[in-house]
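Q: Numbering (numbering that gives the first Met the number 0), first residue to last: 0 to 97.
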Amino acid sequence: MPSKLAPSLWRSLPRHQPEIGQLIRDLRHCAGCTQAQFAGILGVSFSTLNRWENGHMQPSPLAVRQVESVLADLRQSPDLAVQSGNKALLKKHGSQGS
0 MPSKLAPSLW
10 RSLPRHQPEI
20 GQLIRDLRHC
30 AGCTQAQFAG
40 ILGVSFSTLN
50 RWENGHMQPS
60 PLAVRQVESV
70 LADLRQSPDL
80 AVQSGNKALL
90 KKHGSQGS
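(1) With a threshold of 8 Å between beta-carbons, can LEU22 be considered close to chain C, or not?
(2) Of the choices GLU18, ALA30 and ARG50, whose alpha-carbon is the least far from that of LEU70?
(3) Assign LEU73 to buried or exposed, taking buried as 16 or more other Cβ atoms, counted over all protein chains shown, within 10 Å of its Cβ.
(4) When the Cα atoms are used, what is the spatial distance from ARG50 to ILE19?
(5) From ARG64 to GLY42, what does the alpha carbon distance come to, in whole angstroms?
(6) So, at 8 Å on beta carbons, what are the nonlocal neighbours of GLN34 in its own chain, with the 5 sequence-adjacent residues on each side left out?
(7) Work out the CA separation of GLN75 and ALA38 for me, nearest whole Å.
(8) Alpha carbon to alpha carbon, how far is ILE23 from CYS32?
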């Protein structure tokens, strides 16, 4: 999936555990998905997503780009609650976006 985020936001995404695992968990909650649903969105198995969230495995660069794409999609959501949750998520993880 092509990147929709500004380069500054992309550079600010955490690339190592435990930060990326927590970001993925928070993003999934913001999207209102179960682990199985979110794994499907990212194109990975439930067990892979579970390992990321629990810090047992680090996502590949391709997977990080998929997470970035979901973040960008949430930024464009017409649902104000989703937009608000996404802004809070970005603030919590140290990025204001553009």
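Just so you know, even glycine gets a beta-carbon here, dropped at the ideal spot from N, CA and C.
Since the model is a prediction, treat every value here as computed from it, not as a measurement.
A: For this structure:
(1) In summary, chain C is missing from the structure at hand, where a single protein chain is found.
(2) Nearest in C-alpha terms to LEU70, of all of GLU18, ALA30 and ARG50, is ALA30.
(3) buried
(4) 11 Å
(5) 12 Å
(6) ARG27, PHE45, LEU48, ASN49 and GLU52
(7) 21 Å
(8) Those two C-alpha atoms are separated by around 11 Å.
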